[in-house]
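S.K.: The sequence shown begins at 3 in the numbering used here and counts up one residue at a time. Even glycine gets a Cβ: it sits at the ideal position worked out from N, Cα and C. Before anything else, here's the structure in question.
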Amino acid sequence: MKEKLLLLAMLMPLTLLNGCNNKVSYDPNNFLETGDKIVKDKITLRFFAPLHSLHTKEGYNAMKLFKKMEEITNIHIEWEYGSTQKYDEKRAGQWTSKNQVDAFFLWNSTEEVNKYGKNQTIYDLTDYIYQYAPNYTSILNSNSEYKKIATMDDGRMYSTLSINDVPRDQTFKQYINKEWLDNLNLKMPTNVDELYNVLKAFKNDDPNGNGIPDEIPLSSASLNQTRNFLMSAFGYVSTGFEVNDENKIIYVPETNNYKAYLEYTSKLFKEGLLDNNTFNMDERDLSAKGELVGCFDNSAAYLVVGEDNDEKYDAISPLTSSINNKQMWLGFNTVSPSAIIVPKTSPYVKEIVRWIDFLYSEKGIELQSFGEEGVDFTYDDESKTSFTFNVPEGKNIEEFRGTITPGVGLGVVTYWKKDFVLKDNNKFTKRINKVVEDAKYMDYLKIPVPELIYTSNEQSRVAIIETDLDIYMQVFEEKVISGKLELTDDEWNNHLANLKKLKIDELSKIKNDAYERYLKR
């Protein structure tokens, strides 16, 4: 009897393990190194991923992308989700779960990738990528910057990249009413003085011809990226940290360029050329003002002024000023090592690397963008220079895409590729492409700071210092621009002293140290 109890006790841990985790039954002979199928016999893996309200209610497995991937790869994914509203909380719980998932798909932060890579909680994927991911390897080899971003400070890769090289998505757009300019016989402004004169004419000279002084020359939701539009005229594309001409990271609000930006923007506010409700508005408030606004920032004009008025608005090229004769424009970090990471508790690392590699293939890029050729989108000619997205009648474009791919609402899946995406013949996206090209934004694009990787101690200090700094700067900027605080020499010096108290020197050093490591990668 005692022997039976002892045997039962010895078997219980294995029984429990089999009950909560199918990884003990891993069969290495089931793996296929090449070909469309990744495994001989179908397997089920568990992935954790974000879920957006625009996605189909049934989740990822109801999406065309993953239905087709299962057919092709012979791998079924059982999904665990974190809603975008409570994502971090739900994700954190996954790391302490006894039944941990096989992979974290999308929204993997660089800080987390670096942290879990260094403490060996997740797989080093470097060798697996070069052996089992030919599509992804080809993309890495095509761009040295991609490889630099994908590689952590220890020279290893623990994740794969999410890449967006579509020009219209790499920056914001600043729109101006071209019809108003024509009505007033004005030219497109090229510097801040000309912009001031244009905005003044918009306010005083009845550009819409209705005889009512209801025009709003310049507006923005909480100044949003209109601040970047104006700041770039004074020599920097951001109002935060930025790499300067000496290849050092500096804090722009410490510079006289930022002071000049504040003085100019405050002047616009004081004279009613900048919407005096700016700091109390959100995007819905801006859209409610619609075509009464002469100039604004947004990803597309029609989102503010409506589809019927979209063509009245053109994008403004970068401006210059008396202290800066160099045109420049804000660029976004649209490449990040965020696509997938694999915890060491999963034995399926080779299978997962081959699975993710499919998404970097031509077929995978099409499926994650607009679905299946001949079904969800159709090429317009034999040369495949453009295609039509076959949205069912009565369906919203993005809601329909949400039945195909998780890219809707979440940003890029693995690769939003310009060579394919720009073939979409949708009239509104084609127009956005055109205004970006006409304004020559890509010619003047500057990313303020590349993707930096911090040590654990650095990350802790950055989080603490930036929290206090961001709160201070938000209040200071609004007070100065709205005229609640006059920017005298004494107030400017007081501002600089406040930045010192908020540990700006320590933060700048941390960022420059991380930047030095970035340059060496």
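#1: Is the separation between the beta-carbon of W109 and that of P191 shorter than 7 Å?
#2: Among the residues of its own chain, which have a CB less than 8 Å from the CB of D378, if the five just before and after it don't count?
#3: Please check the pair L504 and L471, which I expect to be a contact at CB under 8 Å, by giving their CB distance rounded to whole angstroms.
#4: Using the Cβ count rule (16 or more neighbours within 10 Å means buried), how would you classify L16?
#5: I'd like to know whether the C-beta atoms of D277 and Q227 end up nearer to each other than 7 Å.
#6: Mind checking which residues open and close the beta strand (DSSP E) that includes E80?
#7: Can you check whether the CB of K291 is closer than 7 Å to the CB of N179?
#8: Considering only residues of the segment 108-174, which uninterrupted beta strand (DSSP E) runs meet the minimum length of 3 residues and lie entirely inside it, listed in chain order?
#9: What's the call for Q87, buried or exposed, on a 16-neighbour Cβ count within 10 Å?
#10: For T162 versus Y138, is the C-beta spacing smaller than 7 Å?
#11: Could you check the C-alpha separation between E518 and T75 for me, to the nearest Å?
#12: What alpha helix (DSSP H) runs, 4 residues minimum, are completely inside the segment 241-296?
#13: Which residue or residues does DSSP assign as beta-bridge partners of R48?
#14: Use the C-beta contact count for E73: other C-beta atoms within 10 angstroms, 16 or more gives buried, fewer gives exposed.
#15: Where does N495 land, buried or exposed, given buried means 16+ other C-beta within 10 angstroms?
#16: Could you spell out the range, first to last residue, of the alpha helix (DSSP H) harbouring T469?
#17: Assuming S268 contacts G485 under a Cβ cut-off of 8 Å, what Cβ separation, rounded to an integer in Å, is found between them?
#18: Under the three-state reduction of DSSP, which class applies to Y177: helix, strand or coil?
#19: Using DSSP bridges, identify the partner residues of F379.
#20: Going by the CB atoms, is the gap between V437 and N166 shorter than 7 Å?
#21: Where does V41 fall in DSSP's three states?
#22: Under the assumption that Q102 contacts T469 (Cβ atoms under 8 Å), give the Cβ distance between them as a whole number of angstroms.
#23: Pull up the CB-CB distance for L321 and A235, whole angstroms please, since I reckon it's below 8 Å.
#24: Does the contact criterion of 3 or more C-beta pairs under 8 Å hold for the segment 360-374 versus the segment 421-430?
#25: Starting from D507 and walking both ways along the alpha helix (DSSP H), at which residues does that stretch end?
#26: Tell me the rounded alpha-carbon separation between E91 and Y520.
#27: Three-state secondary structure (DSSP) at P30?
#28: Determine the burial state of K522: buried for a count of at least 16 other Cβ atoms within 10 Å of its Cβ, exposed for fewer.
#29: Helix, strand or coil for S234, going by three-state DSSP, please let me know.
#30: For K448, which of helix, strand or coil comes out of DSSP?
#31: With which residues is P345 paired in a DSSP beta bridge?
#32: Alpha carbon to alpha carbon, what distance is there between F389 and D383?
#33: Looking at the structure shown, is D299 part of a helix, part of a strand, or coil, going by DSSP?
#34: Could you tell me the distance, in whole angstroms, from the CA atom of N24 to the CA atom of D247?
#35: For the beta strand (DSSP E) holding L220, just list the boundary residues, first then last.
#36: Which same chain residues, not among the five before or five after N514, have their C-beta less than 8 Å away from its C-beta?
M.R.: Considering the structure as presented:
#1: In the sequence shown, counting from the first residue as 1, residue 109 sits at position 107. In the sequence shown, counting from the first residue as 1, residue 191 sits at position 189. Cβ distance not < 7 Å, so W109 and P191 don't count as in contact.
#2: In the sequence shown, counting from the first residue as 1, residue 378 sits at position 376. Closer than 8 Å at the Cβ level, and outside the excluded window around D378, lie K66, F372, F391, N392 and I406.
#3: Here residue 504 is taken as the residue at index 502 of the sequence shown, counted from 1. Here residue 471 is taken as the residue at index 469 of the sequence shown, counted from 1. Right, the Cβ-Cβ distance comes to about 5 Å (below 8 Å), so this counts as a contact.
#4: Along the sequence shown, read from residue 1 onward, the residue named residue 16 stands at position 14. Its pLDDT being 34, under 50, L16 is placed unreliably by the model, and the measurement read from it follows with that caveat. Its Cβ having fewer than 16 others within 10 Å, L16 is exposed.
#5: Here residue 277 refers to the residue found at position 275 when the sequence shown is read from its first residue. Here residue 227 refers to the residue found at position 225 when the sequence shown is read from its first residue. Inclusion of D277 and Q227 in the CB contact set at 7 Å is not warranted, their separation being larger than that value.
#6: Reading the sequence shown from its first residue, position 78 is the one you call residue 80. For E80, the enclosing beta strand (DSSP E) starts and ends at I77 to S85.
#7: Looking up residue 179 in the sequence shown gives position 177. Looking up residue 291 in the sequence shown gives position 289. The answer is no: Cβ separation not under 7 Å.
#8: The segment 108-174 is shown to contain whole beta strand (DSSP E) runs of 3 or more residues at 164-166, in chain order.
#9: Counting from one through the sequence shown, the residue named residue 87 turns up at place 85. Taking all protein chains shown into account, Q87 has fewer than 16 neighbouring C-beta atoms within 10 Å of its C-beta and is therefore exposed.
#10: Here residue 162 is taken as the residue at index 160 of the sequence shown, counted from 1. Here residue 138 is taken as the residue at index 136 of the sequence shown, counted from 1. Going by C-beta atoms, T162 is nearer than 7 Å to Y138.
#11: For the purposes of this step, residue 518 is identified with residue 516 of the sequence shown, where counting begins at 1. For the purposes of this step, residue 75 is identified with residue 73 of the sequence shown, where counting begins at 1. Straight-line spacing of the CA atoms in E518 and T75 works out to 41 Å.
#12: Segments of the alpha helix (DSSP H) lying fully in the segment 241-296: 258-272 and 285-291.
#13: Mapped onto the sequence shown, residue 48 falls at position 46. Under DSSP, R48 forms a beta bridge with E80.
#14: Taking the first residue of the sequence shown as position 1, residue 73 is located at position 71. When all chains shown are included, E73 counts as exposed.
#15: Translated into the one-based positions of the sequence shown, residue 495 becomes position 493. With fewer than 16 Cβ atoms within 10 Å of its Cβ, N495 is classed as exposed.
#16: The residue labelled residue 469 in the question sits at position 467 within the sequence shown. Residues S458 to I483.
#17: Taking the sequence shown and counting its residues from 1, the one referred to as residue 268 is at position 266. Taking the sequence shown and counting its residues from 1, the one referred to as residue 485 is at position 483. About 6 Å separates the two Cβ atoms, so the contact holds.
#18: Here residue 177 is taken as the residue at index 175 of the sequence shown, counted from 1. Y177 sits in a strand when the DSSP states are folded into three classes.
#19: Position 377 of the sequence shown holds residue 379. F379 is bridged by DSSP to E375 and F391.
#20: Taking the sequence shown and counting its residues from 1, one reaches residue 166 at position 164. Taking the sequence shown and counting its residues from 1, one reaches residue 437 at position 435. Taking C-beta atoms as the reference points, N166 and V437 fail to come closer than 7 Å.
#21: Taking the first residue of the sequence shown as 1, we reach residue 41 at position 39. Taken through DSSP and simplified to helix, strand or coil, V41 comes out as strand.
#22: What you label residue 102 is simply residue 100 of the sequence shown in a count that begins at 1. What you label residue 469 is simply residue 467 of the sequence shown in a count that begins at 1. Separation of the CB atoms of Q102 and T469 is rounded to 31 Å, and the pair is thereby denied contact status at 8 Å.
#23: Numbered from its first residue, the sequence shown carries residue 321 at position 319. Numbered from its first residue, the sequence shown carries residue 235 at position 233. That belief holds up - the Cβ atoms of L321 and A235 are roughly 4 Å apart, short of 8 Å.
#24: Yes, since at least three Cβ pairs between the segment 360-374 and the segment 421-430 fall closer than 8 Å, the two stretches touch.
#25: Sequence index remark: in the sequence shown, residue 507 carries index 505 (1-based). Unbroken alpha helix (DSSP H) run through D507: I506 to K522.
#26: Residue numbering aside, residue 91 sits at position 89 when the sequence shown is read from its first letter. Residue numbering aside, residue 520 sits at position 518 when the sequence shown is read from its first letter. It is roughly 30 Å from the alpha-carbon of E91 to the alpha-carbon of Y520.
#27: The sequence position of residue 30 within the sequence shown is 28, counting from 1. Here P30 sits in helix by DSSP.
#28: Within the sequence shown, numbered from 1, the residue matching residue 522 stands at position 520. Only exposed fits K522, as fewer than 16 other CB atoms lie within 10 angstroms of its CB.
#29: As a first step, residue 234 must be located in the sequence shown, where it is residue number 232. Helix, per DSSP.
#30: Taking the first residue of the sequence shown as 1, we reach residue 448 at position 446. DSSP places K448 in strand when its eight states are reduced to three.
#31: By one-based count along the sequence shown, residue 345 stands at place 343. Residue pairing by DSSP places P345 opposite I124 in a beta bridge.
#32: Reading the sequence shown from its first residue, position 381 is the one you call residue 383. Reading the sequence shown from its first residue, position 387 is the one you call residue 389. One C-alpha to the other measures close to 8 Å.
#33: Translated into positions along the sequence shown, residue 299 becomes position 297. In the structure shown, D299 adopts extended strand secondary structure according to DSSP, grouped into three states.
#34: Numbered from its first residue, the sequence shown carries residue 24 at position 22. Numbered from its first residue, the sequence shown carries residue 247 at position 245. Low local confidence applies: a pLDDT of 45 at N24 is under 50, so the model's placement there is unreliable, with the coordinate-based value given in what follows. The alpha-carbon atoms of N24 and D247 are separated by roughly 55 Å.
#35: Indexing the sequence shown from 1 puts residue 220 at position 218. Note, L220: beta strand (DSSP E), I218 to L220.
#36: Counting from one through the sequence shown, the residue named residue 514 turns up at place 512. For N514, the CB contacts under 8 Å within the same chain, skipping 5 residues up- and downstream, are K250 and I251 in chain order.
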